[in-house]
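Below: one structure, written as structure tokens.
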Amino acid sequence: DISSVADGAKQSKITSAVRSVVDKLGLPPQLIHIRAAEFAKRYSIDLQMNRQAIKAAEEAAERCTDHVNRSRPPSSIAAAVVYIIAQLSYEKKLLKVADIKEATGVHVVNTIKGTYKDLYPHLPKIIPTWFANANDLKKLHSP
1 DISSVADGAK
11 QSKITSAVRS
21 VVDKLGLPPQ
31 LIHIRAAEFA
41 KRYSIDLQMN
51 RQAIKAAEEA
61 AERCTDHVNR
71 SRPPSSIAAA
81 VVYIIAQLSY
91 EKKLLKVADI
101 KEATGVHVVN
111 TIKGTYKDLY
121 PHLPKIIPTW
131 FANANDLKKL
141 HSP
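Just so we're aligned: the sequence shown equals residues 1 to 143 in the UniProt record's numbering.
Encoded structure:
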């Protein structure tokens, strides 16, 4: 949220500053930890995705923790998950990487594509089966 109004400020710098404030105030570090699932839900709602897609994005982002590089920030994971869910739904015709980049605040398209590449081999374990089956996943482009 801060990055959306802090023109030109990098997410990493904002996170570092927030951590410093939390440390100085002696607050529990869990206060600043936002899970990828929370970002995915917010991004999906902001993109006006349908209710099923929102739920699928939230579930998929929750399942990503064991399957993605720990250095990836939750916002990047969520942006990639929203992109994947959009590709698996009718939103594919409506949403492109650039739209997701703009809505999520993940400023570099390559960040979304890189996270997509990390997640791709694990999609059968990440994407809820009630939303997409193995044949649907095979239709996604290989990174």
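Virtual Cβ for every residue (Gly too), placed ideally from N, Cα, C.
Which same chain residues, not among the five before or five after Ala57, have their C-beta less than 6 Å away from its C-beta?
-> Ala40, Ser44, Val81, Val82, Ile85
Count the other C-beta atoms from every protein chain shown that fall within 10 angstroms of the C-beta of Leu27, then say buried if there are 16 or more, exposed otherwise.
-> exposed
Buried versus exposed call for Glu59 [16 or more other C-beta atoms within 10 Å across all chains shown] = buried
Under 8 Å by Cβ, that's how I've got Leu119 and Val68 pegged, so tell me the actual separation to the nearest angstrom.
-> 6 Å
Can you list, in chain order, the residues of its chain whose CB lies under 7 Å from that of Gln87, leaving out five sequence neighbours each side?
-> Leu140
Close-in-space but distant-in-sequence residues of the same chain around His122 (CB under 7 Å, 5 per side omitted) | His67
Closest by C-alpha distance to Asn50, when choosing among Tyr116, Glu38, Ser89 = Ser89
In whole angstroms, what separates the C-alpha of Arg70 from that of Leu95?
-> 27 Å
Which value, in whole angstroms, describes the spacing of the CA atoms of Ile100 and Leu25?
-> 35 Å
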